[in-house]
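This report refers to the structure that appears directly beneath it.
Residue numbers (full-length UniProt numbering): 1 to 407.
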């Protein structure tokens with residue numbers, strides 16, 4: 001009995017740790033009570049809403065090749081993301097969007113995404129990458145860079161250019177080219193100087209705080225107490241995140257064992273005679289996929305001016321083997337299978353093949369675009385050489401103006 005109480009208290013601590021981790025990463029408000037209610041499929045509205053929100057933010061933070069669509073509500077978009085990731089629970093795709101049922105299915109889906117994508121580690125690493133800890137130089141406002149050094153270059157208006165003769169236009173182009181060349185040389189010199197100064201900072205701070213060296217930003221923090229106070233809240237939040245993540249890595253095995261008990265509980269309570277999910281919710285999801293496929297096909301036909309004969313059809317997958325026959329019967333009863341041209345073996349989604357085909361088409365477009373750009377660059381280079389030759393041979397004053405500009 002004492003061992004059981006100890007295990008339960010340990011699980012509560014681990015769940016609380018996971019809630020802290022997700023709340024810091026995703027700015028959500030998950031509580032351990034939400035997990036307890038979801039385990040027993042208690043459809044408390046706040047719990048369902050929090051799980052939907054967390055699932056949506058996890059999918060968005062991990063990145064998606066399918067952006068949010070105005071025609072879809074957030075729940076449809078989340079279902080689409082899980083289809084693309086390979087999640088195969090028909091009960092989840094049949095959940096309604098009114099936050100009335102499905103807390104256990106949402107918890108299972110959320111934990112599946114976190115486990116499959118290693119989401120906590122990936123998102124923590126991304127936070128560290130965007131933090132001052134991985135920054136060599138401090139952020140400098142554009143006003144600080146340009147204040148006192150900004151020079152306005154007054155170009156000619158279109159009307160003025162039309163009044164110039166050919167020789168003056170060529171000289172004007174050469175003047176602009178010399179200004180660009182001068183600016184590029186200045187940028188190159190400044191970059192060299194920055195590298196040299198950075199090397200000096202690294203040498204001067206070698207071995208500081210047990211590190212090989214300090215970055216320029218870290219050195220500035222050490223030398224500027226006011227700046228350190230400004231950044232301390234951000235550094236404290238990052239330190240809290242890293243601390244929570246380290247604790248989670250040590251105790252996560254206990255949580256996944258607890259998740260196994262939820263799956264076992266679901267299997268015990270499952271009843272094949274019960275309706276699975278909601279017919280309308282499943283129909284809405286299938287229709288959303290169908291519309292997305294049609295819109296994408298129209299887009300590619302218009303952009304490539306040809307038919308994509310190899311574009312695969314969307315299939316809707318059998319998501320639990322135990323419930324596939326029921327799912328097919330439900331879809332057939334609403335004529336969804338007939339409308340989409342599917343057979344009676346189940347609904348299966350092969351979105352990855354379809355997206356791979358689209359990616360191949362996009363690569364072909366980029367290849368043609370790159371070739372055209374190379375041709376234009378060659379033509380432009382030839383024209384520039386001819387213009388420079390004309391200015392040198394036929395316009396004596398052109399060189400003098402160019403030299404003045406470079407100065």
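Even glycine gets a Cβ: it sits at the ideal position worked out from N, Cα and C.
- Message: Quick check: what's the CA-CA separation for residue 130 versus residue 113?
- Response: To locate residue 130, count along the chain shown from 1; it is residue 130. To locate residue 113, count along the chain shown from 1; it is residue 113. Looking at the two C-alpha atoms, the distance is approximately 23 Å.
- CB contact flag (residue 29, residue 103, <7 Å): On the chain shown, position 29 is the one that residue 29 refers to. On the chain shown, position 103 is the one that residue 103 refers to. Cβ atoms of residue 29 and residue 103: not closer than 7 Å.
- Item | Local conformation of residue 273 per DSSP, three classes | Numbered from 1 along the chain shown, position 273 holds the residue referred to as residue 273. Note on residue 273: pLDDT 47, under 50, position unreliable in the model; the coordinate value appears next. In this structure, residue 273 counts as coil in the three-state DSSP scheme.
- Proximity test, residue 48 beta-carbon vs the ligand FMN heavy atom, cut-off 6 Å: This structure lacks the ligand FMN, and indeed carries no ligand of any kind.
- Under a three-way DSSP split, which group does residue 226 fall into? Within the chain shown, residue 226 is the residue found at index 226, counting from 1. Three-state result, residue 226: helix.
- Task: Jot down the residue ranges of each uninterrupted beta strand (DSSP E) in the stretch 55-107, minimum 3 residues, whole runs only, in chain order.
- Result: none
- Check the C-beta distance from residue 32 over to residue 57 and give it rounded, since I have them as a contact under 8 Å. As a working note, residue 32 is residue 32 in the chain shown. As a working note, residue 57 is residue 57 in the chain shown. About 19 Å; that fails the 8 Å criterion.
- Measure the beta-carbon distance from residue 54 to residue 84 and round it to whole angstroms, keeping in mind my assumption that it falls under 8 Å. Counting from one through the chain shown, the residue named residue 54 turns up at place 54. Counting from one through the chain shown, the residue named residue 84 turns up at place 84. Between residue 84 and residue 54 the Cβ distance is about 18 Å, and since that is not below 8 Å, they are no contact.
- Query: Is residue 208 helix, strand or coil when you go by DSSP?
  - Reply: Within the chain shown, residue 208 is the residue found at index 208, counting from 1. Here residue 208 sits in helix by DSSP.
- Task: For residue 68, I'd like the list of residues in its chain whose CB is within less than 6 Å of its CB, leaving aside the five on either flank, ordered along the chain.
- Result: Taking the chain shown and counting its residues from 1, the one referred to as residue 68 is at position 68. Only 77 meet the Cβ criterion.
- Query: Do residue 82 and residue 248 come within 7 Å of each other at the CB atom, strictly closer than that value?
  - Reply: Indexing the chain shown from 1 puts residue 248 at position 248. Indexing the chain shown from 1 puts residue 82 at position 82. For residue 248 and residue 82, no; Cβs fall outside 7 Å.
- Below 7 Å CB to CB, which residues in the same chain sit around residue 227 once its five sequence neighbours on both sides are set aside? As a first step, residue 227 must be located in the chain shown, where it is residue number 227. Taken in chain order, the residues that qualify are 220 and 221.
- In three-state DSSP terms, what is residue 252? Start at 1 with the first residue of the chain shown, and residue 252 comes out as number 252. In this structure, residue 252 counts as helix in the three-state DSSP scheme.
- Item | Three-state secondary structure assigned by DSSP to residue 165 | Counted from its first residue, the chain shown places residue 165 at position 165. It is coil, neither helix nor strand.
- Message: In the DSSP assignment, the alpha helix (DSSP H) including residue 127 goes from what residue to what residue?
- Response: Position 127 of the chain shown, counting from 1, holds the residue named residue 127. Note, residue 127: alpha helix (DSSP H), 119-129.
- Task: Quick one: give me the first and last residue of the alpha helix (DSSP H) that residue 32 is part of.
- Result: Position 32 of the chain shown, counted from the first residue, corresponds to residue 32. Its alpha helix (DSSP H) spans residues 32-39.
- Whole-number beta carbon distance between residue 107 and residue 35, since they are thought to touch under 8 Å: Numbered from 1 along the chain shown, position 35 holds the residue referred to as residue 35. Numbered from 1 along the chain shown, position 107 holds the residue referred to as residue 107. Between residue 107 and residue 35 the Cβ distance is about 7 Å, and since that is below 8 Å, they are a contact.
- Item | Distance between beta carbons of residue 97 and residue 43, contact taken as under 8 Å | Taking the chain shown and counting its residues from 1, one reaches residue 43 at position 43. Taking the chain shown and counting its residues from 1, one reaches residue 97 at position 97. Actually they are not in contact, since the Cβ atoms of residue 43 and residue 97 sit about 14 Å apart, beyond 8 Å.
- Message: Which residue wins for smallest C-alpha separation from residue 63, given the options 45, 122 and 95?
- Response: The residue given as residue 63 occupies position 63 in the chain shown. If we check each option's Cα against that of residue 63, 122 comes out closest.
- Message: Just to confirm before moving on: does the CB-CB distance between residue 105 and residue 126 stay below 7 Å?
- Response: In the chain shown, counting from the first residue as 1, residue 105 sits at position 105. In the chain shown, counting from the first residue as 1, residue 126 sits at position 126. No, the pair does not count as a contact, with Cβ atoms beyond the cut-off.
- CB contact flag (residue 199, residue 206, <7 Å): Counted from its first residue, the chain shown places residue 199 at position 199. Counted from its first residue, the chain shown places residue 206 at position 206. Not closer than 7 Å, so no.
- Through-space distance from residue 257 to residue 365, alpha-carbon basis: Indexing the chain shown from 1 puts residue 365 at position 365. Indexing the chain shown from 1 puts residue 257 at position 257. Spanning the two alpha carbons is a distance of roughly 48 Å.
- Query: Is it true that the CB of residue 93 sits closer than 7 Å to the CB of residue 285?
  - Reply: Sequence index remark: in the chain shown, residue 285 carries index 285 (1-based). Sequence index remark: in the chain shown, residue 93 carries index 93 (1-based). It is a contact, given that the beta carbons lie within the stated cut-off.
- From residue 268 to residue 243, what does the alpha carbon distance come to, in whole angstroms? To locate residue 268, count along the chain shown from 1; it is residue 268. To locate residue 243, count along the chain shown from 1; it is residue 243. When rounded, the distance between both Cα atoms is 38 Å.
- Query: Below 7 Å between beta carbons: does that hold for residue 120 and residue 21?
  - Reply: Indexing the chain shown from 1 puts residue 120 at position 120. Indexing the chain shown from 1 puts residue 21 at position 21. Cβ atoms of residue 120 and residue 21: closer than 7 Å.
- Query: Can you tell which of 38, 250 and 377 has its C-alpha closest to the C-alpha of residue 265?
  - Reply: Sequence index remark: in the chain shown, residue 265 carries index 265 (1-based). The shortest C-alpha separation from residue 265 is found at 38.
- Expected contact under 8 Å - CB spacing of residue 235 and residue 24 to nearest Å: As a working mapping, residue 235 is identified with position 235 in the chain shown. As a working mapping, residue 24 is identified with position 24 in the chain shown. Between residue 24 and residue 235 the Cβ distance is about 14 Å, and since that is not below 8 Å, they are no contact.
- Query: Secondary structure at residue 221, three-state DSSP: helix, strand or coil?
  - Reply: What you label residue 221 is simply residue 221 of the chain shown in a count that begins at 1. DSSP places residue 221 in helix when its eight states are reduced to three.
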